[in-house]
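One structure is given below, encoded as structure tokens.
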Ligand code: ADP
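Numbering (our numbering), first residue to last: 274 to 504.
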């Protein structure tokens, strides 16, 4: 419970600021447009409206992150494991992945005969979806994103790789920290508040696994997580 309270206060401090910035832009532009005594030419008005739309999208993404964040409380409280495989998880999230990576080339190599693992299918699906979502955000359209799974000793390793901007080595250690972003500007443009990877880490650790990243700036990133194979 203590952990949840800490989460809540960290979240409130960080998020109220993130919400205020787009909100005041929207409010300011709407105020400007609503003035009856000023006639804006249509191109200027169109520009204002586009900004309102973009800032609303930002708000929307922050709110989605908040929803995920509140889900983490549920994760901290319960993981419902069952005997399953990562290929079943991939089938469950197939449509979502296809939609997320619609502007990329998605390569999937998750054989159906991989060993069974004791997992919460929904939560592990959330981890893979989050990693693929990040891969799409930080790589050019048209480049390849791969999801692969293989065994390594007594672990099942799932890997999500991209050919994107990569992560500078000095940030690697902190990348899974809550609210951590390499470049606030980049994240802010798309409204992320830096919680996706911390949620992945919480979920994976609840499964007695680990999550890590190998990355080369300018070349791409490879996010891996391990799950213990049922003995
Ligand atoms: P968010 O995406 O909301 O900012 P995350 O916790 O998912 O938060 O990611 C934290 C930061 O890690 C991102 O802001 C970005 O700087 C970096 N990052 C995550 N995934 C990738 C990736 N595939 N390639 C490059 N950087 C990444």
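Just so it is clear, CB atoms sit at the ideal spot from N, CA and C, and this is done for glycine as well. Note that this is a predicted model, so its numbers are computed, not measured.
Around the beta carbon of residue 472, 16 or more other beta carbons sit within 10 angstroms, so the residue counts as buried. As computed with DSSP, residue 417 is found in a beta bridge with 378.
In this structure, 433 is the residue among 476, 442, 298, 433 with its C-alpha nearest to the C-alpha of residue 374. For the options 360, 486, 450, 474, the alpha carbon positioned closest to that of residue 394 is the one of 360.
For residue 287, the secondary structure class from DSSP, reduced to helix, strand or coil, is helix.
Restricting attention to 337, 500, 469, 494, the CA atom closest to the CA of residue 478 is found in 500.
With the rule of 3 Cβ pairs closer than 8 Å, the segment 362-377 counts as touching the segment 406-422. In this structure, the ligand ADP has no non-hydrogen atom nearer than 6 Å to the beta-carbon of residue 415. With respect to residue 302, residue 335 sits apart: the two C-beta atoms are not nearer than 7 Å. Going by beta carbons, residue 401 and residue 357 fall outside the 7 Å limit.
Residue pairing by DSSP places residue 497 opposite 432, 485 in a beta bridge.
Annotation: residue 355 is outside any alpha helix (DSSP H); the continuous beta strand (DSSP E) that includes it extends over 355-357.
If you ignore the 5 residues before and after residue 455, its C-beta comes within less than 8 Å of the C-beta of 440, 441, 444, 448, all in its own chain and listed in chain order. Judged by DSSP in its simplified three-state form, residue 362 adopts helix. With contacts defined by Cβ atoms closer than 7 Å, residue 446 and residue 494 do not form a contacting pair. In its chain, beyond the 5 residues on either side, 398, 401, 402 have a beta carbon closer than 8 Å to the beta carbon of residue 366.
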